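Protein chains in written order, with the UniProt record's numbering: chain A, 1 to 194; chain B, 1 to 194; chain C, 1 to 194; chain D, 1 to 194. Every residue, glycine too, gets a C-beta built ideally from N, C-alpha and C. Please read these numbers as outputs of a predicted model, since none were measured by experiment. Comments concern the structure below.
There are 4 protein chains.
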Amino acid sequence: MRADARRNRERLLAAAEEVFAELGTEASTEEVARRAGVGIGTVFRHFPTKEQLLEAVLVARVAELADRAEQLTAAADPGRAFFALLDAVVAQARSRQTLSEALAAAGVDATAAAAPAKARLRAAAEQLLRAAQQAGAVRPDVGGDELMALMVGIARTAEQTAHDPELQARVSRLLVDGLRPAQRGSGSAPASPR
Amino acid sequence: MRADARRNRERLLAAAEEVFAELGTEASTEEVARRAGVGIGTVFRHFPTKEQLLEAVLVARVAELADRAEQLTAAADPGRAFFALLDAVVAQARSRQTLSEALAAAGVDATAAAAPAKARLRAAAEQLLRAAQQAGAVRPDVGGDELMALMVGIARTAEQTAHDPELQARVSRLLVDGLRPAQRGSGSAPASPR
Amino acid sequence: MRADARRNRERLLAAAEEVFAELGTEASTEEVARRAGVGIGTVFRHFPTKEQLLEAVLVARVAELADRAEQLTAAADPGRAFFALLDAVVAQARSRQTLSEALAAAGVDATAAAAPAKARLRAAAEQLLRAAQQAGAVRPDVGGDELMALMVGIARTAEQTAHDPELQARVSRLLVDGLRPAQRGSGSAPASPR
Amino acid sequence: MRADARRNRERLLAAAEEVFAELGTEASTEEVARRAGVGIGTVFRHFPTKEQLLEAVLVARVAELADRAEQLTAAADPGRAFFALLDAVVAQARSRQTLSEALAAAGVDATAAAAPAKARLRAAAEQLLRAAQQAGAVRPDVGGDELMALMVGIARTAEQTAHDPELQARVSRLLVDGLRPAQRGSGSAPASPR
DNA sequence: TATGAATGAGTCTTCATTCAT
DNA sequence: CATGAATGAAGACTCATTCAT
Chain A
1 MRADARRNRE
11 RLLAAAEEVF
21 AELGTEASTE
31 EVARRAGVGI
41 GTVFRHFPTK
51 EQLLEAVLVA
61 RVAELADRAE
71 QLTAAADPGR
81 AFFALLDAVV
91 AQARSRQTLS
101 EALAAAGVDA
111 TAAAAPAKAR
121 LRAAAEQLLR
131 AAQQAGAVRP
141 DVGGDELMAL
151 MVGIARTAEQ
161 TAHDPELQAR
171 VSRLLVDGLR
181 PAQRGSGSAP
191 ASPR
Chain B
1 MRADARRNRE
11 RLLAAAEEVF
21 AELGTEASTE
31 EVARRAGVGI
41 GTVFRHFPTK
51 EQLLEAVLVA
61 RVAELADRAE
71 QLTAAADPGR
81 AFFALLDAVV
91 AQARSRQTLS
101 EALAAAGVDA
111 TAAAAPAKAR
121 LRAAAEQLLR
131 AAQQAGAVRP
141 DVGGDELMAL
151 MVGIARTAEQ
161 TAHDPELQAR
171 VSRLLVDGLR
181 PAQRGSGSAP
191 ASPR
Chain C
1 MRADARRNRE
11 RLLAAAEEVF
21 AELGTEASTE
31 EVARRAGVGI
41 GTVFRHFPTK
51 EQLLEAVLVA
61 RVAELADRAE
71 QLTAAADPGR
81 AFFALLDAVV
91 AQARSRQTLS
101 EALAAAGVDA
111 TAAAAPAKAR
121 LRAAAEQLLR
131 AAQQAGAVRP
141 DVGGDELMAL
151 MVGIARTAEQ
161 TAHDPELQAR
171 VSRLLVDGLR
181 PAQRGSGSAP
191 ASPR
Chain D
1 MRADARRNRE
11 RLLAAAEEVF
21 AELGTEASTE
31 EVARRAGVGI
41 GTVFRHFPTK
51 EQLLEAVLVA
61 RVAELADRAE
71 QLTAAADPGR
81 AFFALLDAVV
91 AQARSRQTLS
101 EALAAAGVDA
111 TAAAAPAKAR
121 LRAAAEQLLR
131 AAQQAGAVRP
141 DVGGDELMAL
151 MVGIARTAEQ
161 TAHDPELQAR
171 VSRLLVDGLR
181 PAQRGSGSAP
191 ASPR
């Protein structure tokens, strides 16, 4: 029976993510139940409050990103690794509109539920940041707080431009370029060698 | 009585802005009425739909920014003028959380009502951008589309960090620095001389 | 100034009739004002209550019919005159959907305002009825009460079939035929020589 | 739980019929809920729209009449059977003021929901009509369209005179007498031997 | 444990009526 | 007298949450 329950939980989470991404946070709980193929009662058994359901979705988002960050921690090129994390942020935002809300929750809100995932993400991200800075790939005057806030900004902006991938890429590059050291050689060429 | 009506309209707009900033877009029309000190019927006389009320608020926001941009158009130093516009975006976002929604509406939505204000903002912003680029203060590979999207991103991020002005300033600088030309002399110093 | 006021009253009455016929009794007073080209306040100055406005419209309807009935009183052929009144009922119902409500009000309700018009209509109609009965054109076992109720029924039914004039004519004839004497000669032909 | 739901649906339908008959079609949904002893939400769960609730009531009315008509189809005396149907119309109208609106809906509107009941009523009524005509009890120059329209007229008129059963009976007889053949024997006696 | 019917507070919106100009 | 802005009660409808089955 536990297996059944767990499967329902997964289905609900997936459905909720889909629904909230599609219809926004104001979508009804009933719609989530329908999409998950369960009764309304089941939703409330698993997530006693709509808020808790939303929270669970957002936590899942952040956790994915934390996974990715921890994974990148083992990469060879620190600069590449760091910017790959930012790419992941953009990529997630592209597909799911709930990401920025998730990140916002992780960065600002002190929701108990989000805390662990947030902590993991922050730890790994800071590690990537420091390594990249030591390698000279990122400005030295950037700290963890800025990084977290920046990730939110990047995600929000990426969502905003989700309709035009070309534009999205250009804008994301601009935002990210602010992190690079002022000076990367010579020329007057723009600063995105990637 | 026209005077009375106009005053009420102003009051309503102000109250609506305040309420939506404070409680989000989902705040009730009744709350707006209460805050404005008028009956519910008065709100609907002036703005026949909640959507139209919201629209009016957002348009006002964008219009303010457009005013500022047009004003900056006459400034002496093109680089300074351009970045001053971005400062204005941050400043607005600091005080009112509805700005980014307003900008999003202006940049993406094709709301008829927002169109004129949006057009003004874009025209002035592009003029500032081009001048700044010619003066070598901004990367040449940035266009109007990116600029509009970026303004949304800056506003969103600024809102996110509204609780910590220090952090907000640092993050905003990072975002903005992505717009500067890669190269401004020598040193390895970070790129925000301001 | 009195002339002005009277003209406004006429315009309002005309507009109200039009509006109520078109949109039903639930149409808003504001719509009536708009159609009459006056302010809302003016409507309420002339008719302190929506109910009174409606009443006035209905009374006007009944009064017209009473006029017609009184006029027919002077006709040569009593049978013809009587059935001409019923024709007038159908004709009115054809053009204005408010008639049956008006007649209903006149027949059943004891609205003070409707009383005089109702009384006139009834007096004239009964006179026509008695004359027609004496001429052998109408069943003798029909009284004023039945006649008034029947007029309502005819009007209601006529409204119901307003979309199909052909059908309306046939049904009206059926209803009216019930009033003719059972037997007027021989044949098995139906009883509508008209 | 299905049992519970069904019982509530019945209660709602009954309450709605009562309420609409008493207070008219403009009665509030809330009143229906109160009368049925359920919460407002329950009304809207069963009938997602006020219109649908009304429709359901009207359909039920027409269906009852259709039942009666079909039942009469098996009667021995065709004339008696036919006029018994008209009696049923009057009887229903006596107790419930919503009947005529129901019949109107069935006769004129093309509401999808009412269609089946309407079709049944019309089929049975026409069968009764034809049989009565063949038996010489009803004028031959009457068709289904007139019959349906006439039923509406009868119902409307019956409602109008609901306050005075005596008068109602007399008026109904008049209306119905229009359907009898012109010639039913001899005398100058009025034509309602029943 | 899953289900979905029931609940009712809360939302937007309409409209008759009042009243300051 | 006319105007039309203001008012607020009332109505249809939604939705998170509870609970009987």
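For the candidate residues the options, whose alpha-carbon lies nearest to that of residue i?
i                      : options                           : result
D/V38                  : D/A60, D/T25, D/L150 and D/E10    : D/E10
B/T73                  : B/P116, B/R130, B/A36 and B/G41   : B/R130
residue 196 of chain B : B/E55, B/L167, B/A137 and B/V43   : Residue coverage of chain B in this structure runs from 1 to 194, which leaves residue 196 of chain B outside it and unanswerable.
B/R6                   : B/L23, B/F47 and B/G24            : B/F47
B/D141                 : A/D141, A/D145, A/L167 and A/G136 : A/L167
A/H67                  : A/R173, A/A3 and A/Q92            : In the sequence as presented, His is not what sits at residue 67 of chain A; that position holds Asp. With distances taken between Cα atoms, A/D67 lies closest to A/Q92.
C/G143                 : D/A81, D/L147 and D/L174          : D/L174
D/M148                 : D/P165, D/A56 and D/F82           : D/F82
A/L54                  : A/A75, A/T111, A/A76 and A/R80    : A/T111
A/A182                 : B/D4, B/R139 and B/D87            : B/R139
B/H163                 : A/D145, A/D87 and A/A3            : A/D145
Keeping to the same chain, check which residues put their C-beta closer than 7 Å to that of residue i; ignore five residues upstream and five downstream.
i      : result
D/V171 : T157 and T161
A/A69  : L85, L121, A124, A125 and L128
B/R35  : A15, E18 and V19
D/A169 : none
A/L13  : A56, V57 and A60
B/A75  : A81
Near residue i, which residues of its chain fall below 8 Å by C-beta distance, leaving aside the five closest residues on each side in sequence?
i     : result
A/L23 : E31
A/P78 : L128, A131, A132, Q134, A135 and A137
D/A27 : V19 and F20
A/N8  : A36, V38, T42 and H46
D/K50 : T29
Give me, in chain order, the residues of the same chain whose beta-carbon lies closer than 6 Å to that of residue i; leave out the 5 immediate sequence neighbours on both sides.
i     : result
D/Q52 : none
B/A33 : I40 and V43
D/R2  : none
B/D4  : none
Is the closest heavy atom of the ligand FAD to the C-beta of residue i under 7 Å?
i      : result
B/Q133 : As presented, the structure is devoid of all ligands, the ligand FAD included, so that no description of it is given.
Point to revise | Under 8 Å (Cβ pairs) to chain B, residues found in the UniProt domain "HTH tetR-type" (6-65) of chain A | key: E26
Practice item. Counting only runs of 4+ residues fully inside the region 34-102 of chain B, write out the alpha helix (DSSP H) ranges in chain order. Key: 40-46, 50-72 and 78-95
Point to revise | Members of the region 133-150 of chain C near chain D, C-beta cut-off 7 Å | key: R139, D141, V142, D145, E146, A149 and L150
**Study point:** Cβ-based contacts, 7 Å cut-off: residues of the region 67-84 of chain A near chain B
**Key:** none
Point to revise | Segments assigned alpha helix (DSSP H), at least 4 residues, entirely inside the region 108-178 of chain A | key: 115-134, 144-160 and 165-177
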